[in-house]
Structure formats: structure tokens, C-alpha cells
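Asker: Okay, here's the structure, questions in a sec.
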Amino acid sequence: MTQAECGGALYHWRPMSRTVSDSDRCPCTSGESFGECCGPLLAGTRRAATAQALMRSRFTAFAVGDAAYLLASWHPATRPRELDLDESLDWYRLDIHAAGGGTPFEKTGEVTFTAHYRVDGERAKLREHSRFERVDGEWKYLDAL
């Protein structure tokens with residue numbers, strides 16, 4: 047378990063559990079390579095320009111087990127103190143159904159998506175309508191409606 051201070055609070059998470067090379071297809075299923083898509087966001091070398099880009103990067107973080115990125119991209123008002131990802135889940139596809147707001151010129155945004163995963167060889171999916179908000183110029187995941 048790793049820990050760090052963020053916003054005055056101490057957070058705990060497990061280290062990233064899966065690796066993806068820059069030339070691999072991005073787990074967010076954008077069609078781009080990881081190095082051109084979500085990789086720089088997870089590495090902290092680029093910020094998400096839109097709420098949808100943050101949504102895609104968060105899906106990728108779930109797919110590779112990057113709890114540190116998930117915590118860092120969570121809105122401080124709703125961020126959990128601990129995050130223990132279930133490594134038995136294999137997140138393999140993201141379908142974006144709708145996005146409202148969330149452009150580089152807005153302060154809030156919403157994204158409706160379905161995240162597909164496998165658990166114990168069985169396929170399952172999670173459909174969510176997520177809200178995002180800018181905090182100090184950066185997109186953060188606020189909550190799900």
C-alpha cells in the first residue's frame with residue numbers, strides 16, 4: 047500500500063498493477079496509441095483538455111490499475127480517502143454515449159458511458175452518467191448521477 051498527502055489529507059492506494067507501452071492501443075478504445083492518448087495524462091505530462099478526455103483517462107487508469115491517477119483526478123470534495131482496486135476485473139472497452147459541456151472553455155461537464163469488463167471469465171458492464179468540474183484549471187471527476 048502506498049500513501050501520499052493530497053489537499054491536506056493522507057491517501058492510500060496500491061501501486062499500478064499492469065503496464066502498457068506507448069505503442070500499444072490505448073485501453074480507452076479511442077483508436078489511438080497509449081502514448082498519444084491517455085499515457086501522457088496518467089504520467090502527469092499533459093492535462094485533460096475536456097471532461098471526456100478525463101473520463102477516457104480514468105477508464106484507462108482502471109484498466110491498468112493506476113489508483114494514484116484515479117485519486118489525483120478525483121474532485122477534492124468527493125475523493126475517497128482510500129482506493130483499493132479489484133484486480134480480478136479486466137476493463138476492456140469503453141463506449142461514450144453522450145457528452146455535455148466539458149469543453150476547454152467550460153467549468154462543468156457530463157459524460158454518459160458504458161464500461162465493459164470481465165470478471166471470472168464472465169462479461170459485465172457498468173453504465174454511468176458522470177459529472178466533472180474544473181478545479182484550479184484542471185478537470186476532476188465529481189460524481190455519478
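Okay, so the sequence shown: first residue is 47 according to our numbering, each after it adds one.
Every residue gets a Cβ at the ideal spot worked out from N, C-alpha and C, and that includes glycine.
Treat the numbers as computed from the prediction; the structure is a model and nothing was measured.
What residues in its chain sit with their C-beta under 6 Å from that of residue 83, if we drop five residues either side in the sequence?
Answerer: 72 and 76
Asker: Could you tell me the distance, in whole angstroms, from the CA atom of residue 162 to the CA atom of residue 172?
Answerer: 6 Å
Asker: Please report how far the alpha carbon of residue 177 lies from the alpha carbon of residue 191, in whole angstroms.
Answerer: 7 Å
Asker: In terms of alpha-carbon separation, which member of 104, 110 and 93 lies closest to residue 67?
Answerer: Distances from the alpha-carbon of residue 67 to those of 104, 110 and 93 put 110 closest.
Asker: Considering just the uninterrupted stretch of the alpha helix (DSSP H) at residue 106, what are its terminal residues?
Answerer: Membership of residue 106 in the alpha helix (DSSP H) is indicated by the continuous run 97 to 110.
Asker: Closest to residue 184 by CA distance: which of 98, 64 and 65 is it?
Answerer: 98
Asker: For residue 146, which residues does DSSP report across the bridge?
Answerer: 156
Asker: Once the 5 residues before and after residue 123 are set aside, which same chain residues still bring their CB inside 7 Å of it?
Answerer: none
Asker: Under the DSSP definition of a beta bridge, which residues are partnered with residue 180?
Answerer: 185
Asker: From the DSSP secondary-structure annotation, give me the bridge partner or partners of residue 168.
Answerer: 165
Asker: If we count the other Cβ atoms within 10 Å of its Cβ and call it buried at 16 or more, is residue 80 buried or exposed?
Answerer: buried
Asker: Need the endpoints of the alpha helix (DSSP H) that residue 87 sits in, please.
Answerer: Looking at the DSSP string, the run of the alpha helix (DSSP H) that includes residue 87 is 85 to 89.
Asker: For residue 107 and residue 151, I'd like the C-alpha separation in whole angstroms.
Answerer: 25 Å
Asker: For residue 117, does the three-state DSSP call read helix, strand or coil?
Answerer: The answer is helix: DSSP assigns residue 117 an H, G or I state.
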